[in-house]
Amino acid sequence: MSIEGSEQISAGRKWLIIFTLSLGAGLIYQLPYLRFTYYDPLQKALGLDHTSFGNLMSVYGLVAMFMYWPGGWIADRFSSRKLLTFSLVATACGGFWLSTFPSYYICLLIHAIWGVTSILTFWSALVKVITRITSEEEQGKIFGFIEGGRGISASLVAFSTIALFSWMGEKTSDFSIVINIYSVIIFLSGILCWFLLEDNASEIKSGDVIKDILVVLKMPAAWMMAGVIFCVYTGYAALSYTTPYMTEMFGLSVATAGVLGTVRTQILKAIGGPIGGMLSQKFGSATRVIRWGCIAMTFSLMAFLLMPANSSFLFLMIGNMMIFAGIIFALRGIYFSTIKEGKTPATLVGAVAEFISFVGYMPDSFIYTLIGHWLDKYPGGTGYQYMFMYMILFSVLGIFISTILIRYMKRNNGVYLVPSK
């Protein structure tokens, strides 16, 4: 049975595919981003300082950054069934390897491999399967279900592993069990994809890819949109360091910090995205909401910077962290909406999305190394202060760029994705 259209497969099988994709998509990124919940135990298990630990994510981000461009090209030319199965199984194998706590250079290699398996061969293939098995009318609902399912699956596994790790006494030597649980579930998701999906024919698209890229590079607004995403994503990338900030500066246990980290990263992701969408719809402009979000980010970061790091301010710090995370996820949920808001020509949507992803996600390639260096060189809270000041700088820059983008749109009568003369 082919899955080329929603009418050709049963509803039961379609929803089983959607469930499997939600599970796989929810967990495939949890291995490279495990630090968001388990910063301290993973760092100790690998025996790395903050800088070396940051280098792992920087390598992942650097490789992933260059994988956004060819991902769609690959998805158009190879079977989604094989791509998704390969991505999930290969990522899981990397997790099994990491659970042995190998040498630093092997850890770098694993993260580089994840940059390929979680971006190049996965994301565009995932989108292609969803669009192929659903009708045009239900795609919005299904994509929303997938996104919600990702958050739910990641939250359930995170809370379960935190409880297990705490029950085992939070011993570093037992952390391999946590990594293996994630890896097993991801591996099984890949196997399910193999049996649920069928090979699709190659869908090579016409058009001059290089020409499209050159056109996008001449669009001033595309650069501004990429700059806005860069600024917001800087805040997101640094969000993982609020976990060690809680344990080092406020004395929280690893388990408690892990629970708060899961709420911050997974629960608020599920809540923040829809809120951002509703605000964007209410005010009629994602760009305007992003500008106000950057203003709110600035005040929240200033509170981090000025708040004394002692136990009497613990609950205020946690509350501020949740507010900051909520803002980040609200903006992450809408910053690609600027493509539609700018009335991008349909033939250039893919090229624009790839370009702003390439530039906007650049912080992943260096920010972890940078912040790790600060934490190693300036212990005792000073490194975190440098981090918060750096984030304030980019939130202010986000206000500036989004304001220019809004004015640029007004000058072009609401169509700001036009090539410069």
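The sequence shown: position 228 = 232 (our numbering), numbered continuously.
Beta carbons are placed, not taken as given, at the ideal position from N, Cα and C, and that holds for glycine.
Residue 160 versus residue 415: straight-line alpha-carbon distance, rounded: The alpha-carbon atoms of residue 160 and residue 415 are separated by roughly 48 Å.
Limits of the unbroken alpha helix (DSSP H) element including residue 105: Here residue 105 belongs to no alpha helix (DSSP H), and DSSP marks it neither H nor E.
Spatial neighbours of residue 261 in its chain, beta-carbon cut-off 7 Å, leaving aside the 5 residues before and after: Only 247, 250 and 251 meet the Cβ criterion.
Buried or exposed, going by whether 16 or more other CB atoms sit within 10 Å of the CB of residue 314? That one is exposed.
Can you tell me whether residue 257 is helix, strand or coil according to DSSP? coil
Comparing the CB of residue 238 with every heavy atom of the ligand FAD, is any distance shorter than 8 Å? Among the ligands in the structure shown, none appear at all, so the ligand FAD cannot be discussed.
Beta-carbon gap between residue 181 and residue 192 smaller than 9 Å: no
For the alpha helix (DSSP H) containing residue 125, list its first residue and its last residue. From DSSP, residue 125 is part of no alpha helix (DSSP H); its letter is neither H nor E.
From this set, 133, 52, 377 and 240, which residue's C-alpha is nearest residue 13's C-alpha? Selected option, being the one with the closest Cα: 133.
From which residue to which residue does the alpha helix (DSSP H) around residue 324 run? 318-336
Where residue 138 sits in the DSSP three-state scheme: coil
For residue 188 and residue 178, the rounded distance between their alpha carbons: Cα to Cα, residue 178 sits roughly 16 Å from residue 188.
Which two residues bound the contiguous alpha helix (DSSP H) that contains residue 384? Segment: none, residue 384 is in no alpha helix (DSSP H) and carries neither H nor E.
Is residue 89 near residue 195, with beta carbons less than 9 Å apart? yes
Nearest-angstrom beta carbon gap, residue 202 and residue 289 [assumed within contact, 8 Å]: With a Cβ gap of about 42 Å, residue 289 and residue 202 do not count as contacting.
Are residue 333 and residue 277 close, meaning C-beta to C-beta below 9 Å? yes
Are residue 125 and residue 78 close, meaning C-beta to C-beta below 9 Å? yes
Where residue 319 falls, given that 16 or more other Cβ within 10 Å makes a residue buried: With fewer than 16 Cβ atoms within 10 Å of its Cβ, residue 319 is classed as exposed.
Kindly indicate which three-state DSSP category residue 164 falls into: helix, strand or coil? helix
What residue from 163, 330, 218 and 305 has the CA that sits closest to residue 390's CA? 305
With H, G and I counted as helix, E and B as strand and the rest as coil, what does DSSP make of residue 313? In the displayed model, residue 313 falls within coil according to three-state DSSP, outside both helix and strand.
Report all residues from its chain with a CB closer than 6 Å to the CB of residue 100; omit the five preceding and five following residues, and keep chain order. 187
Using only the alpha-carbon positions, how far apart do residue 433 and residue 81 sit? This structure cannot speak to residue 433, because the chain is shown only from 5 to 425.
Could you check what DSSP says for residue 132 in three-state terms: helix, strand or coil? helix
Please classify residue 290: does DSSP put it in a helix, a strand, or coil? Of the three classes helix, strand and coil, the one that applies to residue 290 here is helix, per DSSP.
Decide yes or no for the touch test of the region 391-411 against the region 223-235: beta carbon pairs closer than 8 Å, at least 3 of them. yes
Considering only their Cβ atoms, is the gap separating residue 47 from residue 57 smaller than 9 Å? yes
Using a Cβ-Cβ cut-off of 6 Å (strictly less than) and excluding sequence neighbours within five positions of residue 387, which residues of its own chain qualify? A distance below 6 Å between beta-carbons, with the five flanking residues on each side excluded, links residue 387 to the following residues of its chain, in chain order: 378 and 379.
The alpha helix (DSSP H) enclosing residue 44, as first and last residue numbers: 39-50
Is the beta carbon of residue 150 less than 9 Å from the beta carbon of residue 26? yes
Can you tell me whether residue 18 is helix, strand or coil according to DSSP? DSSP places residue 18 in helix when its eight states are reduced to three.
Using alpha carbons as the reference points, say which of 115, 33 and 239 lies closest to residue 154. 33
Contact defined as beta carbons within less than 8 Å: I believe residue 24 pairs with residue 200. What is the distance between those atoms, to the nearest angstrom? 6 Å
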